[in-house]
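Colleague: One structure, as structure tokens, below. Some questions next.
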Amino acid sequence: MLLRQKEIVEVDNLTFEYPVVEMFHSLQGEGFWTGTNAFFIRLAGCDVYCPWCDQKDTWSTKRHPFFPVSEIIEEADKTGAPLVIITGGEPLLHNLFPLTNALRKKGYRIHLETSGSRELTGVFDWITLSPKPYKKPLDSIYEYANELKIVVDKESDLLWAESEAKKVRKDCWKYLQPQWDNKGSRELVVKYILTHPHWRLSLQTHKFLNIK
Ligand code: SF4
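Residue numbers (our numbering): 19 to 230.
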């Protein structure tokens with residue numbers, strides 16, 4: 019089922035290009051779809067600048083090659099994965115309609131991982147909203163989130179999590195995810211969920227497994 023979105027712009031330009039950090043076939047490591055076979059497209063560019071970011075090499079678009087939609091689809095087709103996850107960086111720095119229109123025509127299920135700091139473009143089956151206090155989301159994104167994922171580094175992030183949870187739809191799944199490099203955040207998250215059962219735990223299982 020497609021999400022309600024403001025508009026479906028009919029752009030189908032297989033020559034439209036995106037700066038791509040990497041494309042790979044793996045399992046979704048985090049959140050609701052953990053363990054799912056997926057093709058990942060990691061787009062370059064991010065201006066949120068989280069201090070603990072584990073993808074700092076994505077921040078600049080200048081360091082990464084541009085690929086046309088046609089080549090991205092070719093790479094996805096080689097894997098046989100039914101699901102494509104568009105991530106970053108912050109993918110909404112780019113107009114995602116050409117890419118999602120083309121993927122949809124090929125029958126892929128399409129997920130987006132975003133901080134919500136930019137206007138939503140593209141049409142998705144699932145949106146993971148991972149808002150960051152360093153550059154807050156636009157108000158317009160919350161109604162489209164299927165899953166809210168808050169990275170917890172310190173205690174004040176739990177207050178941030180609760181304020182963000184009030185903005186999403188009632189049926190939006192809510193996850194707290196420890197900040198990988200801060201082992202103390204694991205205990206913080208577990209203790210918090212034990213007394214706040216509207217949250218679930220998200221772990222970066224791909225890092226535990228040492229896979230992409
Ligand atoms: S939004 Fe994501 S990619 Fe951007 S700085 Fe934060 S963690 Fe890194």
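Ideal placement from N, C-alpha and C gives every residue a C-beta, glycine not left out. Quick caveat, the model's predicted, so the values are computed rather than measured.
According to DSSP, is V186 helix, strand or coil?
Modeller: coil
Colleague: Is the beta carbon of W178 sitting closer than 8 Å to the one on D72?
Modeller: No, Cβ-Cβ distance for W178 and D72 is not below 8 Å.
Colleague: At what residues does the alpha helix (DSSP H) containing V207 begin and finish?
Modeller: 202–213
Colleague: Measure the CB-CB distance between L110 and R127 and report whether it falls below 8 Å.
Modeller: Going by C-beta atoms, L110 is not nearer than 8 Å to R127.
Colleague: Indicate whether the contact test is met: 3 or more Cβ pairs, each with one atom in the stretch 47–54 and one in the stretch 74–94, closer than 8 Å.
Modeller: no
Colleague: Any heavy atom of ligand 1 inside 7 Å of the beta-carbon of V66?
Modeller: Correct: V66 has its Cβ closer than 7 Å to ligand 1.
Colleague: According to the neighbour-count rule (16 or more other Cβ atoms, all chains shown, within 10 Å of its Cβ), is S174 buried or exposed?
Modeller: Under a 10 Å Cβ-count criterion, S174 is classified as exposed, with fewer than 16 other Cβ atoms of the shown protein chains found around its own Cβ.
Colleague: Taking Cβ to Cβ, would you say I103 is nearer than 8 Å to L114?
Modeller: no
Colleague: Any heavy atom of ligand 1 closer than 7 Å to the Cβ of K150?
Modeller: yes
Colleague: H129: buried (16+ other C-beta within 10 angstroms of its C-beta) or exposed?
Modeller: Residue environment analysis places H129 among the buried positions, since at least 16 neighbouring C-beta atoms fall within 10 angstroms of its C-beta.
Colleague: Buried or exposed for F42, please, with buried defined as at least 16 other CB atoms from any protein chain shown within 10 angstroms of its CB.
Modeller: exposed
Colleague: Given a cut-off of 8 Å on the beta-carbon distance, is the pair Y152 and C68 in contact?
Modeller: yes
Colleague: So, E108 versus R136, is the Cβ gap smaller than 8 Å?
Modeller: Closer than 8 Å, so yes.
Colleague: Might you give, ordered along the chain, the residues of its own chain that have their beta carbon closer than 6 Å to the beta carbon of Y193, omitting 5 neighbours on each side?
Modeller: G49, K167, R218, S220
Colleague: Any heavy atom of ligand 1 closer than 7 Å to the beta-carbon of T76?
Modeller: yes
Colleague: Tell me whether C190, by its Cβ, gets closer than 7 Å to a heavy atom of ligand 1.
Modeller: no
Colleague: Taking only runs that begin and end inside the stretch 122–148, name each unbroken beta strand (DSSP E) of 3 or more residues, in chain order.
Modeller: Correct list: 127–132, 144–147.
Colleague: Taking the C-alpha atoms as reference points, what is the distance between T54 and K225?
Modeller: 15 Å
Colleague: Taking just the CA atoms, how far does K124 sit from P116?
Modeller: 13 Å
Colleague: For S133, verify whether its CB is less than 7 Å away from any heavy atom of ligand 1.
Modeller: yes
Colleague: Taking 8 Å as the threshold (C-beta atoms), are S181 and P155 in contact?
Modeller: no
Colleague: Check whether the Cβ of Q73 sits closer than 7 Å to any heavy atom of ligand 3, and report yes or no.
Modeller: Ligand 3 is not part of the structure shown, which contains ligand 1 as its ligands.
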